[in-house]
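By this note's numbering, the letter at position 105 of the sequence shown is numbered 317, and the numbering carries on one by one without gaps. For glycine and all other residues, C-beta sits at the position ideal for the given N, C-alpha and C.
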Amino acid sequence: MATPPVDPAQLAADIVAGNRRALAKGITLVESTLPDHRRAALALLAAIMPHTGGASRIGISGVPGVGKSTFIEAFGGFLIEAGHRVAVLAVDPTSALSGGSILGDKTRMETLAFNLSAFVRPSPAGRTLGGVTRRTRESLLLCEAAGFDVVLIETVGVGQSETAVADMADLFMLLLLPSGGDELQGIKRGIMELADLVVVNKADGEQRNIANQTLADYRSALHFMQSRCAQWQPRALACSALHGEQIDAVWAAIEAFYAAMADGEALAKRRAEQARSWMWSEMGESLLNDLRSDPRVKRALPALEAQVVAGELPATAAALQLIELFRSS
Ligand code: GDP
């Protein structure tokens, strides 16, 4: 067996001591899929585990152009001014689907990226959204161990990544554009239901009135929506990320969320549930990988898949045959 590329215990100690280069190195390690690196990453995560859990984990989503990076730049700056240390992570589904990237651009959030109280990391690349998500979850733990007390996890409003981010954040914030129409911007109801906080951005200049109308629309929509938990009724606000207006109101709403979620340990329960479902999805992914790489399955797969595609064999029958092959091997 090749020796691990790093000493996980030493790296953990350096991360906990607040060494930024160690943090970056740790994140690179958890992003690697090489088996040796993976082993070292797991040892690293086990070592830092007692130092995790201390951050406000905030998910931020919205369509391209809504102003996510402008908002994070303004919000991050506001938080640092208030004495916080802010890490920014991302889950970019496009890096998994097409190899391209909507969020990965390194020139974004320049001011924040150069601030010593901030740590900005673009989305890891990956073949599956599950893989991208896992690495972001693990990076989140590393950022907490390094003493960042606010972690912003950005994603883009396309695909399934919102659910993935809502599953790792304490609070899920949906950024929206001002819109004149009475229709709710084609936001899928399921995504709205994930939101703990809805923020209408670009409430400035000519769009200020439209933004206020949009805000009123969403307030009433939220009113009729089932909330994710009894302790917190989702709120809607408007802000201007570009002009730094109402950024403090967004933070005040987040603080109100944490105060409410302390009741009955609602936040602890949400995190426990997230950890449990992460464990199950890890098992699912891992078993599926084993199945895919099994030589007998690999041999039988093309023919069976072709029969399923041609409508000659029911998908369930093919799946069962493949699983039986795997079990017999
Ligand atoms: P992202 O794709 O969601 O990250 O959006 P960006 O942060 O890149 O913003 C897209 C465009 O909207 C840029 O031209 C920003 O300058 C502009 N923008 C962002 N926030 C605001 C805002 O609060 N008001 C106005 N008027 N423009 C904004």
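Tell me the residue span of the beta strand (DSSP E) that contains F436. Element bounds for F436: n/a, residue is neither H nor E.
Hey, could you find the ends of the beta strand (DSSP E) L516 is sitting in? Taken as a continuous stretch (DSSP letters only), L516 belongs to no beta strand (DSSP E), being part of the alpha helix (DSSP H) at P507 to V521.
Taking 6 Å as the cut-off, is the CB of N413 close to at least one heavy atom of the ligand GDP? yes
What residue from Q445, W490, T323 and P220 has the CA that sits closest to M473's CA? Cα-wise, what sits closest to M473 is Q445.
Between V412 and P390, how many whole angstroms is the CB-CB distance? I'm expecting something under 8 Å. 6 Å
Name the two residues that bound the continuous beta strand (DSSP E) containing G274. S268 to G274
Do you know whose CA, among G359, G343 and A357, lies nearest V377's CA? G343
In this structure, what does DSSP give as the bridge partners for E467? None, per the DSSP bridge assignment.
Contact test: K237 Cβ vs the ligand GDP heavy atom, cutoff 6 Å: no
Could you tell me which residues DSSP puts in a beta bridge with M261? According to DSSP, which records beta bridges pairwise, M261 is partnered with nothing at all.
Does the beta-carbon of D304, which I'm using as the reference point, lie nearer than 6 Å to any heavy atom of the ligand GDP? no
May I ask you to check if the CB of G569 is nearer than 6 Å to at least one heavy atom of the ligand GDP? Since the first residue shown for the chain is 213 and the last is 541, residue 569 is missing from the structure and cannot be characterised.
So, A330 versus V298, is the Cβ gap smaller than 7 Å? yes
Inter-stretch contact (C-beta, 8 Å, three-pair minimum) for the region 460-467 and the region 418-428: Judged by Cβ distances under 8 Å, the region 460-467 makes no contact with the region 418-428, as fewer than three pairs qualify.
Rounded straight-line distance, which links the Cα of D506 to that of A357: Between A357 and D506, the C-alpha separation is close to 37 Å.
Nearest to I535 (by Cα), restricted to the options A518, R333 and D502: The alpha carbon of I535 has as its nearest neighbour, out of A518, R333 and D502, the alpha carbon of D502.
So does L534 have its beta carbon nearer than 6 Å to some heavy atom of the ligand GDP? Incorrect: L534 has no Cβ contact closer than 6 Å to the ligand GDP.
Measuring only from the beta carbon, is L449 closer than 6 Å to any heavy atom that is part of the ligand GDP? Not one heavy atom of the ligand GDP is found less than 6 Å from the C-beta of L449.
Check whether the Cβ of L454 lies closer than 6 Å to any heavy atom of the ligand GDP, and answer yes or no. yes
Can you check the region 332-396 for any beta strand (DSSP E) of at least 3 residues that lies completely inside it and give the ranges in chain order? 362-368 and 383-388
Decide if G417 is buried, meaning its Cβ has at least 16 other Cβ atoms within 10 Å, or exposed. exposed
In terms of residue numbering, what span does the alpha helix (DSSP H) encompassing A236 cover? That run of the alpha helix (DSSP H) goes R232 to E243.
Please state if the CB of V520 and the CB of A530 are separated by a distance shorter than 7 Å. In this structure, A530 places its C-beta atom within 7 Å of the C-beta atom of V520.
According to DSSP, R539 sits in a beta bridge with which residue or residues? In DSSP, R539 forms no bridge with anything.
What does a CB cutoff of less than 8 Å around F360 pick up in its chain, not counting 5 residues either side in sequence? A267, R297, V298, A299 and F331
Which of the three DSSP states is assigned to E293 in this structure? E293 falls in the helix class under three-state DSSP.
Report the three-state DSSP secondary structure of A252 (helix, strand or coil). helix
Please name the residue in Q443, L256, T245 and P247 whose C-alpha comes closest to that of L235. L256
Determine the contact status of G369 and V275, defining contact as a CB-CB distance below 7 Å. yes
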